[in-house]
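J.: If you read the sequence shown in my numbering, its first letter stands for residue 485, the second for the next number, and so on.
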Amino acid sequence: MWFKESQPWVPILTRNQIQSALESLPLPLTHIDDLVLKAVLALQIKHSSQAIFLGYHGRLRLSDYLRAQVFNEALSKASLSSLQALLVIAILDYGADNIPSTFSLLSVCRRMCESIGLFRKLLKQMEIQHPAQIGPPAIVSNAADELAIPLTWATLALDATTSLGITWRDVSAALVDHLSSVAYVSTPDLKDSFRSHVHLAAIGLQPLHMFVHDHDRGRYDHSRSEALETCDEIYHNLMSYVRSQPSSSYTLLADGLIDFDPYLMQTSLVAHAGAIIMYMPLVEFDGNGLQEVPMQRCLQACEDLVLLVQSISDADCELSSPVMPSMLFVAARFKLIMYRGLRRPREPMFDSLMHGINMNGRRWEVARRLDIVLRAAIMEVDEQADMEVPAVFWNLKKTHLDISEELKEFVERKKHCLYVGALNGPYV
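Structure follows, in structure tokens:
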């Protein structure tokens, strides 16, 4: 089930690796030695319909037990397997709405990449490459040796996308800063959708991360024109990734089957949400502000995200990355702030953003929490009731990650009056 539900958007394992681990299991099954298999089971048992016979509490207990084992074993020895296992657990924690744990685990993963020589291998490879060639290789093999470099890039990409919007700057960001300084100004050679998405995440997003950090520290407080100039350069670079790929995430194969490419979707998702995160603090709701670049580009990004959701099937929405609802939340939150600030009614297109989050919430808890927050905010915008949505939700200067923990506390207090059965997940 991992290779059907998760591997398509985060290719960090090989079929041969999992097959070997399954074949080495003892009969009867008394223990599991393979660290990566335990991590995969921890995620799949909690989020897959195949484990429904265990019951909700049984699945939760077994998943937590396996997660604890993986955590202890992986931290005791730095290896490629430990790195893979921790990346799987980081995805599990993000989907379970434990975002601070995801940040911590990905910091450990970066340090582990350093200690086992993956970053050194990556830097050596860069020395012999033209800047336009820098990026992950296409995934063409299941061999473990050939997985090392793609795994390193996948680590950097997952870290960059899950942390998009944080206003603090990680002190261990030296490598990605170096990657960006070498490769950012060159036109990348985007051979395939995986390479394009990872290049965007690990390299293209770094100036955006830096801008969010600098803006929060007050660097642009007295220089709006400089901020807009910086944003303009970053924006055009983000959009270049979107323009370089096909308009549809679906391809009709020769045998008549339809193939879904999650990387095409994720590239558009991250690029458009990144544009909103970048421009949102610069938006002004006065008469002139509505026609200015920040507002217009935020509105365009919201519209593009709506079209993206409408172009994807519900099943593919459900099985997408847990980062997806966070990116859609960025757009939905901006729309609600705009409706409230301008006293405008909600547009029909807004429902598509909610639908995308709702579908993803059938699998991931983080999406269910974000859906509840938005439902409460909708009631306030429509003046149906005062739901006491935290004031930071309406603050354009705060990113979705700045307010994540405060919104989580709000949901714990309000989720019962905003409960929607479908959002409790299909396997609870």
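Note that the Cβ used here is the ideal one computed from N, Cα and C, for glycine as well. The model shown is predicted, which means the values in this text are computed figures rather than measured ones.
DSSP three-state call for ASP518: helix, strand or coil?
T.: Correct three-state label for ASP518: coil.
J.: With three or more C-beta pairs closer than 8 Å as the rule, is the region 811-822 touching the region 783-796?
T.: Result yes; three or more Cβ-Cβ pairs closer than 8 Å.
J.: Closest to GLY974 by CA distance: which of LEU854, ARG830 and ARG828 is it?
T.: With the chain covering 485 to 912 only, the question about residue 974 has no answer from this structure.
J.: Is it right to say ALA851 is buried, meaning 16 or more other beta carbons lie within 10 angstroms of its own, or is it exposed?
T.: ALA851 should be labelled buried.
J.: Using three-state DSSP, classify ASN626 as helix, strand or coil.
T.: Note that ASN626 scores a pLDDT of 48, beneath 50, so its modelled location is shaky and nothing firm can be said.
J.: Rounded to the nearest angstrom, how far is the Cβ of LEU576 from that of ARG551, given a contact under 8 Å?
T.: Contact flag correct, Cβ pair sits at about 7 Å.
J.: Taking the CB atoms as reference points, tell me whether TYR747 and PHE834 lie closer together than 8 Å.
T.: No. Outside cutoff.
J.: Could you round the C-beta distance between VAL726 and SER752 to whole angstroms and report it? I think they count as a contact, below 8 Å.
T.: Between SER752 and VAL726 the Cβ distance is about 5 Å, and since that is below 8 Å, they are a contact.
J.: Determine the extent of the beta strand (DSSP E) in which ASP743 is found, giving its start and end residues.
T.: Where ASP743 is concerned, the enclosing beta strand (DSSP E) stretches over 742-744.
J.: According to DSSP, is ILE496 part of a helix, a strand, or is it coil?
T.: Coil.
J.: Can you pull the DSSP bridge partners for TYR734?
T.: DSSP, once it has assigned bridges, lists PHE744 as partnering TYR734.
J.: For GLY539, which of helix, strand or coil comes out of DSSP?
T.: Residue state, collapsed to three classes: coil.
J.: Alpha carbon to alpha carbon, what distance is there between ALA558 and TRP637?
T.: Spanning the two alpha carbons is a distance of roughly 20 Å.
J.: So the alpha helix (DSSP H) GLU893 belongs to, where does it begin and stop?
T.: Per DSSP, GLU893 belongs to the alpha helix (DSSP H) from 888-898.
J.: What residue from SER728, ILE496 and THR514 has the CA that sits closest to ALA523's CA?
T.: Minimum Cα distance to ALA523 is reached at ILE496.
J.: Using a threshold of 8 Å, state whether the C-beta atoms of LEU642 and ALA569 are closer than that.
T.: Contact flag unset, no.
J.: Between VAL682, LYS561 and ILE612, which lies nearest to LEU635 when the distance is taken from Cα to Cα?
T.: Of the candidates VAL682, LYS561 and ILE612, the one whose C-alpha sits nearest the C-alpha of LEU635 is VAL682.
J.: What residue from ASP705, SER805, ARG830 and ILE761 has the CA that sits closest to MET884's CA?
T.: A quick correction: the sequence has His, not Met, at residue 884. Among ASP705, SER805, ARG830 and ILE761, the Cα nearest to that of HIS884 is on ILE761.
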